[in-house]
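Chemist:
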Ligand SMILES: [Zn+2]
């Protein structure tokens, strides 16, 4: 029971770490550069610190089969221009634009991940609390892997 919960915790903190790194890279790209994909009039990507997407400006005049990807870095010395708050705009003509500032998901994932890594250092019972070596059946009272004295 205990070790099952422990295992789930371990998975969670690794998933959290991978997601955090992924989001931090996306936030970095969106802040100091851009990566925008345009596909059949739809535009979406990383821009101004956000993940954003919008519908074609004119739904009746969509260029089929058109796709461009634009990636770049902000020129040196230009001031940061960020959108800090989420926005969802819907116009009457069925056009929409959605903007999600990446600091929000980054914070939501990063904070619990840091807490998990900071608090979940303990190894399961019957394992060495220093190195995690399985001490089931150990009678010497000393971990054979790292030499830590085992309290029983
Ligand atoms: Zn050990």
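Numbering (our numbering), first residue to last: 1 to 152. We put the beta carbon where it would ideally sit given N, CA and C, even for glycine.
How long is the line joining the alpha carbons of residue 83 and residue 107, rounded to whole angstroms?
Modeler: Taking the first residue of the chain shown as position 1, residue 83 is located at position 83. Taking the first residue of the chain shown as position 1, residue 107 is located at position 107. Straight-line Cα distance between these residues: approximately 16 Å.
Chemist: Across which residues does DSSP place residue 47 in a beta bridge pair?
Modeler: Taking the chain shown and counting its residues from 1, one reaches residue 47 at position 47. Looking at the DSSP assignment, residue 47 forms a beta bridge with 50.
Chemist: Going by the CB atoms, is the gap between residue 100 and residue 31 shorter than 8 Å?
Modeler: Indexing the chain shown from 1 puts residue 31 at position 31. Indexing the chain shown from 1 puts residue 100 at position 100. No; because the gap between Cβ atoms is not below 8 Å, this pair is not in contact.
Chemist: Does the separation of the CB atoms of residue 110 and residue 20 fall below 8 Å?
Modeler: Numbered from 1 along the chain shown, position 110 holds the residue referred to as residue 110. Numbered from 1 along the chain shown, position 20 holds the residue referred to as residue 20. Taking 8 Å as the Cβ cut-off, residue 110 and residue 20 qualify as a contacting pair.
Chemist: Rounded to the nearest angstrom, what separates residue 128 and residue 48 at their Cα positions?
Modeler: Counted from its first residue, the chain shown places residue 128 at position 128. Counted from its first residue, the chain shown places residue 48 at position 48. One C-alpha to the other measures close to 48 Å.
Chemist: Under 7 Å from any heavy atom of ligand 1, does the C-beta of residue 133 make it?
Modeler: Working through the chain shown from its first residue, we reach residue 133 at position 133. Yes, since a heavy atom of ligand 1 falls inside the 7 Å radius drawn around the Cβ of residue 133.
Chemist: In the DSSP assignment, what residue or residues form a beta bridge with residue 97?
Modeler: Position 97 of the chain shown, counting from 1, holds the residue named residue 97. DSSP, once it has assigned bridges, lists 54 and 89 as partnering residue 97.
Chemist: Give the straight-line distance between the Cα atoms of residue 134 and residue 90, rounded to the nearest whole angstrom.
Modeler: To locate residue 134, count along the chain shown from 1; it is residue 134. To locate residue 90, count along the chain shown from 1; it is residue 90. Each residue's Cα considered, the two are about 58 Å apart.
Chemist: Using 8 Å for Cβ pairs, my map puts residue 13 next to residue 130. What's the rounded Cβ distance?
Modeler: Within the chain shown, the letter at position 13 stands for residue 13. Within the chain shown, the letter at position 130 stands for residue 130. Residue 13 to residue 130, Cβ: 19 Å. No contact.
Chemist: Note down, one range per segment and in chain order, each alpha helix (DSSP H) of at least 4 residues found wholly within the stretch 101 to 129.
Modeler: 103 to 119, all fully within the stretch 101 to 129.
Chemist: Specify, as a first and last residue, the run of the beta strand (DSSP E) that residue 135 falls within.
Modeler: Position 135 of the chain shown holds residue 135. No beta strand (DSSP E) holds residue 135; DSSP gives it neither H nor E.
Chemist: Would you tell me roughly how many angstroms separate the C-alpha atoms of residue 86 and residue 123, rounded to the nearest one?
Modeler: The residue given as residue 86 occupies position 86 in the chain shown. The residue given as residue 123 occupies position 123 in the chain shown. So the two alpha carbons sit approximately 40 Å from each other.
Chemist: With respect to 7 Å, is the separation between the Cβ of residue 139 and the closest non-hydrogen atom of ligand 1 below this value?
Modeler: By 1-based counting over the chain shown, the position of residue 139 is 139. Outside the cutoff, so no.
Chemist: Answer with buried or exposed for residue 3, where buried requires no fewer than 16 other C-beta atoms within 10 angstroms of its C-beta.
Modeler: Here residue 3 is taken as the residue at index 3 of the chain shown, counted from 1. Caution is warranted here: a pLDDT of 48 is assigned to residue 3, below 50, making its placement in the model unreliable, and the coordinate value is therefore given only provisionally. Under this definition residue 3 is an exposed residue.
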